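All remarks here apply to the structure that follows.
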Amino acid sequence: MTGLMKNCRLCPRACGADRTRTRGLCGANDRTEAARASLHLWEEPPISGTRGSGTVFFSHCSLGCVFCQNRQISRREAAGREISVEALAQTFLSLERQGAHNINLVTGAHYAPQIIDALRLARQRGLSVPIVYNSSGYESLDTLKMLDGWIDIYLPDYKYYSSYYAARYSHAEDYHETAVDAITEMVRQTGAPQYDETGLLARGTVIRHLMLPGLAGDTAQVLRDIAARFGDSVLVSLMRQYTPFGMQDWPELNRTITDAEYAEACTLFTELGLSGFFQQDASISESFIPAFDGTGLEDTEK
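Each residue of the sequence shown is one higher than the last, beginning at 1 in the working numbering.
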């Protein structure tokens with residue numbers, strides 16, 4: 001699969017970079033970079049469970065949201081370190097040994113070939129927990145089809161309905177149609193949510209929507225669209241954790257979501273018959289952003 005790095009089309013930017021020689025628009029070259037691997041207790045309840053989701057945070061991102069709370073690892077000059085396929089497979093196995101209910105791949109589309117190789121190796125060595133693909137929703141259909149059979153749970157964002165907001169805040173005017181097509185493919189692969197005997201999610205698609213200040217109308221359109229397109233074939237996570245920092249150039253985003261804004265969205269969520277999760281305001285804090293210092297990543301030499 002290394003040939004895919006020579007004329008990269010792994011994400012919707014389709015920049016065509018030869019990542020064996022340079023970095024793509026996402027900031028990644030052909031060597032996998034990651035910033036942290038750890039048990040994470042703050043995903044949705046049937047994903048985190050009691051012991052945590054085994055998250056692996058990959059460096060760089062194809063979307064580039066101005067408000068990204070993981071900007072330390074999502075930008076072109078991102079934190080993180082190189083990790084081989086062998087070490088990545090060992091990282092997955094280590095997380096399972098620590099008790100992870102699943103392996104949670106955070107923003108990994110630009111490393112999809114390497115991730116598949118690592119999953120294949122880890123499965124050969126006994127990895128048995130479900131695989132979660134944690135995504136911005138801005139995904140290439142070809143890349144998702146490549147992942148078919150490797151992913152048990154898709155966890156995509158559905159950030160915007162409006163192309164204006166998508167262009168202004170994520171430099172992706174085509175976000176809405178791209179994300180809808182991507183989520184449709186994810187649901188095709190996973191089917192409706194399935195749970196194991198302990199109540200943990202074993203298979204399915206969970207759509208996340210992060211509310212942004214002043215975009216209540218866009219949130220309403222997103223929720224209506226999810227209900228109309230996907231109904232009970234997905235779960236929905238309505239998030240209010242948006243935390244502004246360094247937003248001087250976007251003053252309209254320089255506040256948190258109000259109780260009234262969130263309550264109104266929750267009411268619509270219920271009226272539409274959506275199933276899923278609401279979020280407590282206690283989770284609004286920069287303290288929920290982990291340290292991206294290489295914690296938990298295995299070394300190839302081990």
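Even glycine gets a Cβ: it sits at the ideal position worked out from N, Cα and C. Since we're looking at a predicted model, the values are computed, not measured.
Out of the options, which one is the CA nearest neighbour of residue i?
{"i": "G96", "options": "P130, Q279, L215", "result": "Residue 96 is actually Glu in this sequence, not Gly. With distances taken between Cα atoms, E96 lies closest to P130."}
{"i": "V132", "options": "M186, A14, F269", "result": "M186"}
{"i": "E139", "options": "R51, A14, A227, V66", "result": "A14"}
{"i": "G27", "options": "R203, G108, P193", "result": "G108"}
{"i": "T143", "options": "D299, T258, L10", "result": "L10"}
{"i": "P251", "options": "E86, G52, A112, R168", "result": "R168"}
{"i": "A220", "options": "Y175, Y111, Y262, L127", "result": "Y262"}
{"i": "F269", "options": "R208, Y242, S84", "result": "R208"}
{"i": "L253", "options": "P244, D259, A260", "result": "P244"}
{"i": "R120", "options": "G99, A100, I151, E77", "result": "I151"}
{"i": "D196", "options": "L4, G49, C8", "result": "G49"}
{"i": "V236", "options": "C266, T178, G52, R125", "result": "C266"}
{"i": "V206", "options": "Q189, L25, G80", "result": "Q189"}
{"i": "P213", "options": "T198, D181, M247, L200", "result": "M247"}
{"i": "N102", "options": "C61, V56, L147", "result": "V56"}
{"i": "F278", "options": "E264, P290, D299", "result": "E264"}
{"i": "A227", "options": "Q241, Y158, D249", "result": "Y158"}
{"i": "N134", "options": "Q124, R125, A112", "result": "A112"}
{"i": "D148", "options": "Q124, T184, Q69, G80", "result": "T184"}
{"i": "W42", "options": "D249, Q241, S275, L272", "result": "Q241"}
{"i": "S136", "options": "T198, L210, G99", "result": "L210"}
{"i": "Q114", "options": "L141, N29, R75, T22", "result": "N29"}
{"i": "L200", "options": "V106, A216, D117, I47", "result": "I47"}
{"i": "R117", "options": "A87, N104, A260", "result": "In the sequence as displayed, the identity of residue 117 is Asp instead of Arg. If we check each option's Cα against that of D117, A87 comes out closest."}
{"i": "N104", "options": "S38, T22, P45, R81", "result": "S38"}
{"i": "L272", "options": "D249, D299, V222, M239", "result": "V222"}
{"i": "H60", "options": "H110, K145, P12", "result": "H110"}
{"i": "T198", "options": "Y175, V106, T258, P45", "result": "P45"}
{"i": "T258", "options": "D299, L215, L4", "result": "L215"}
{"i": "R81", "options": "G99, F58, Q98", "result": "F58"}
Which stretch, first to last residue, makes up the beta strand (DSSP E) that contains residue i?
{"i": "D236", "result": "Note that residue 236 is Val in the sequence shown here, rather than Asp. Looking at the DSSP string, the run of the beta strand (DSSP E) that includes V236 is 235–239."}
{"i": "S53", "result": "53–58"}
{"i": "L39", "result": "33–40"}
Kindly list the residues whose CB is nearer than 7 Å to the CB of residue i, restricted to its own chain and excluding five residues on each side of it in sequence; keep chain order.
{"i": "D218", "result": "Y160, Y161, S162, Y165"}
{"i": "H171", "result": "G64"}
{"i": "Q194", "result": "A202, R203, G204"}
{"i": "S233", "result": "V187, A192"}
{"i": "D308", "result": "What is shown of the chain runs 1 to 302, which leaves residue 308 out entirely."}
{"i": "L127", "result": "F92, L93, E96"}
{"i": "F230", "result": "V187"}
{"i": "C8", "result": "C15, G16, A17, R19, G24"}
{"i": "A122", "result": "A89, F92, L93"}
{"i": "E173", "result": "S163, A166, A167"}
{"i": "R75", "result": "G27"}
Under DSSP, the alpha helix (DSSP H) around residue i begins and ends at which residues?
{"i": "L223", "result": "216–230"}
{"i": "A315", "result": "Outside the displayed range of the chain (1 to 302) lies residue 315, so it cannot be described from this structure."}
{"i": "L268", "result": "259–271"}
{"i": "S74", "result": "71–74"}
{"i": "S48", "result": "45–48"}
With which residues is residue i paired in a DSSP beta bridge?
{"i": "G204", "result": "I153"}
{"i": "L210", "result": "M239"}
{"i": "Y158", "result": "Its beta-bridge partners do not exist; DSSP assigns none."}
{"i": "Y165", "result": "Looking at the DSSP assignment, Y165 forms no beta bridge with any residue, so it has no partner."}
{"i": "F245", "result": "For F245, which the question treats as bridged, DSSP gives no partner whatsoever."}
{"i": "F277", "result": "S237"}
{"i": "T194", "result": "For clarity, residue 194 is Gln in the given sequence; the question names Thr instead. BP columns for Q194 point to R203."}
Using C-beta distances below 6 Å, list every residue in its chain close to residue i, excluding the 5 sequence neighbours before and after it, in chain order.
{"i": "I83", "result": "T32, A34, L297"}
{"i": "S287", "result": "Unreliable placement is indicated for S287, whose pLDDT of 43 sits below 50; the coordinate value is still reported in the next sentence. Taken in chain order, the list of residues that qualify is empty."}
{"i": "D293", "result": "none"}
{"i": "H40", "result": "G52, S53, T55"}
{"i": "A291", "result": "none"}
{"i": "G276", "result": "L235, V236, S237"}
Give me, in chain order, the residues of the same chain whose beta-carbon lies closer than 8 Å to that of residue i; leave out the 5 immediate sequence neighbours on both sides.
{"i": "E309", "result": "No statement about residue 309 is possible, as the shown extent of the chain runs from 1 to 302 and does not include it."}
{"i": "P12", "result": "S62, Y138, E139, S140, A172, D174, T178"}
* Contiguous alpha helix (DSSP H) assignments of at least 4 residues, all confined to the region 78–154 -> 85–97, 112–124, 141–147
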